[in-house]
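Below you'll find the structure, written out as structure tokens, and then a few comments.
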Amino acid sequence: MLAEYLPTLLFLFVATGIGIALIVIGNLIGPKRPTAEKLSPYECGFAAFEDSRMQFDIRYYLIAIQFIVFDLEIIFIVPWATVFRQLGVLGLIEMGIFVGMLLLGFIYVWKKGALEWE
Numbered sequence: 001m002l003a004e005y006l007p008t009l010l011f012l013f014v015a016t017g018i019g020i021a022l023i024v025i026g027n028l029i030g031p032k033r034p035t036a037e038k039l040s041p042y043e044c045g046f047a048a049f050e051d052s053r054m055q056f057d058i059r060y061y062l063i064a065i066q067f068i069v070f071d072l073e074i075i076f077i078v079p080w081a082t083v084f085r086q087l088g089v090l091g092l093i094e095m096g097i098f099v100g101m102l103l104l105g106f107i108y109v110w111k112k113g114a115l116e117w118e
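Take the sequence shown: its position 91, counting from 1, is numbered 91 in UniProt numbering, and each next residue is one higher.
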């Protein structure tokens with residue numbers, strides 16, 4: 001049984017080895033000429049002007065959560081669509097409930113104004 005996992009483990013070891021080797025070779029062979037300009041923080045083409053702990057608008061987080069929710073929706077809907085005929089009416093009802101809950105979340109975010117960017 002464990003012999004079936006040998007190709008996967010071999011792949012992981014080879015991939016990890018290649019990744020580590022590339023990092024080490026890059027650090028050993030790569031040029032090292034640090035200057036003040038290279039070591040300065042880069043922020044949109046001009047010097048940083050505020051503290052990095054500034055507060056973000058809540059709409060930023062709502063958009064991020066929305067992205068995750070709709071990404072997960074696709075992850076669940078694609079496999080469901082491939083076996084739609086085998087699931088029958090019960091599968092259709094369950095997916096309808098799932099999509100309905102996502103629609104309620106979308107309406108909530110829309111009403112909160114997260115989709116209006118200033």
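Beta carbons: idealized from backbone N, C-alpha and C, even for Gly. None of these values were measured; they are calculated from a predicted model.
- Query: How many angstroms separate the CA atom of L104 from the CA atom of V24?
  - Reply: Taking C-alpha positions only, L104 is separated from V24 by approximately 50 Å.
- Query: Measuring CB to CB, does Q66 end up less than 7 Å from V99?
  - Reply: no
- Task: Over the uninterrupted alpha helix (DSSP H) stretch that includes M101, give me the two end residues.
- Result: 84-112
- Item | Distance CB(A21)-CB(R59) smaller than 7 Å | Going by C-beta atoms, A21 is not nearer than 7 Å to R59.
- Message: Within the continuous alpha helix (DSSP H) that includes L115, where are the two ends?
- Response: No alpha helix (DSSP H) holds L115; DSSP gives it neither H nor E.
- Pull up the CB-CB distance for M95 and W80, whole angstroms please, since I reckon it's below 8 Å. Indeed they touch by this definition, with Cβ atoms about 6 Å apart.
- Message: Does R53 come out as helix, strand or coil in the three-state DSSP assignment?
- Response: Here R53 carries a coil assignment [DSSP, helix/strand/coil].
- Query: Along the chain, where does the alpha helix (DSSP H) that runs through L2 open and close?
  - Reply: L2 -> no alpha helix (DSSP H), and no H or E assigned at all.
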